[in-house]
Amino acid sequence: MTNETSDHLYLCSEDIEDVQIVWDEWGYKQISVILKNGKMYTVESDS
1016 MTNETSDHLY
1026 LCSEDIEDVQ
1036 IVWDEWGYKQ
1046 ISVILKNGKM
1056 YTVESDS
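Throughout the sequence shown, residue numbering follows the numbering used here, covering 1016 to 1062 in sequence.
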């Protein structure tokens, strides 16, 4: 079951289809969580 708030997303492991982590040439990373219901959430980080 997914529980969403404006700043946080709480997931159960059975909700997750895939997780992708990509680093760009400047060292920033982008984390994408793809859910089994087709929704995707992406976060960019500076570390």
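Backbone N, C-alpha and C fix where the C-beta goes; we use that ideal spot for every residue, glycine too.
Beta-bridge pairing of residue i - partner residues as DSSP gives them
i: K1044; result: W1038 and S1060
i: D1033; result: I1049
Residue i vs residue j beta-carbon contact at 8 Å
i: I1049; j: M1055; result: yes
i: D1022; j: K1051; result: no
Integer Cβ distance of residue i from residue j, believed to fall under 8 Å
i: Y1043; j: S1060; result: 7 Å
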